[in-house]
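Just below is one structure, and these are the notes that go with it.
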Amino acid sequence: MSAGDTRGDRPAPTPTVDGPRAARDRVFAAVTKLLAVLLLLPALAWRPRRARELACGWALGLRFPREDLGGLADGARAAFTAARTEAFWQHGQLIGLTSGHRDPGTQRHLFDEEVRRSGSEAAARLLVLPPEQSRHVKGIALDVRPREGARWLEEHGAGHNLYRTYDNEWWHFEHRPETGGVPPRRAADPGADARARVAVHA
């Protein structure tokens, strides 16, 4: 689910022209990078071996103040932190977390809202799953922004066992170390696996 959107995993519209929002985002990105450089000194004084990670995390926390890494599985949180630290310092790319762990009640609300909006459970599953099937509830799913950050993660995330898992959600990634470095099969949408299971038993 993207920032500013409360309905399932439907993202906010992505601008298609180089307008005021794009210019604003470039300014914010430049300020964030400058902040990270300035924060390296206190980070070095506090935790020398983790200075780049900490400075990056502090700066991104200011850029994306609503993000919350709490509740993520330890492995998922470590992988995401390492990946976006690499993206930041080696490629100048910012990656923010829009939605990570969700408690079952929140996930149920999102699913029920999408059912009401779309008209059926089957249609809702194109964008959001019920809590018993959601990897957000398990703490291993991460919805990220901006689109450029998601593109970087799609290209480089395998080194951290982070993979895009749905064709229709550019922002949704999952921590999947059990694949042994082999990208998992990407599903068409969140409900694709459930539909396949029904078809097998039909």
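Oh and the sequence shown: position 124 is 124 in full-length UniProt numbering, straight run, nothing missing. Idealized CB from N, CA, C, for every residue including glycine. Bear in mind the structure is a predicted one, so any value in this text is a computation, not a measurement.
Cut-off 6 Å between Cβ atoms - residues of its own chain near residue i, not counting five sequence neighbours on either side
i	result
residue 189	126, 166 and 168
Pairwise C-alpha distance: residue j and residue i
i	j	result
residue 164	residue 41	35 Å
residue 90	residue 197	42 Å
residue 119	residue 49	52 Å
residue 39	residue 174	29 Å
residue 194	residue 121	12 Å
residue 104	residue 179	26 Å
Counted within 10 angstroms of its Cβ, other Cβ atoms place residue i as buried (16 or more) or exposed
i	result
residue 22	exposed
residue 57	buried
residue 72	buried
residue 16	Caution is warranted here: a pLDDT of 46 is assigned to residue 16, below 50, making its placement in the model unreliable, and no coordinate value can be reported.
Beta-carbon spacing of residue i, residue j below 8 Å
i	j	result
residue 95	residue 102	no
residue 141	residue 172	yes
residue 45	residue 55	no
residue 146	residue 68	no
Cut-off 7 Å between Cβ atoms - residues of its own chain near residue i, not counting five sequence neighbours on either side
i	result
residue 150	144, 170 and 171
residue 186	164, 165, 166 and 167
residue 20	none
Residues near residue i in its chain [Cβ-Cβ closer than 8 Å; skip 5 each side]
i	result
residue 81	53, 57 and 69
Looking at C-beta atoms only, is the number of pairs between the segment 75–94 and the segment 106–126 that lie closer than 8 Å three or more? no
Taking 8 Å as the threshold, find out whether the segment 117–136 comes into contact with the segment 145–163 through three or more Cβ pairs. no
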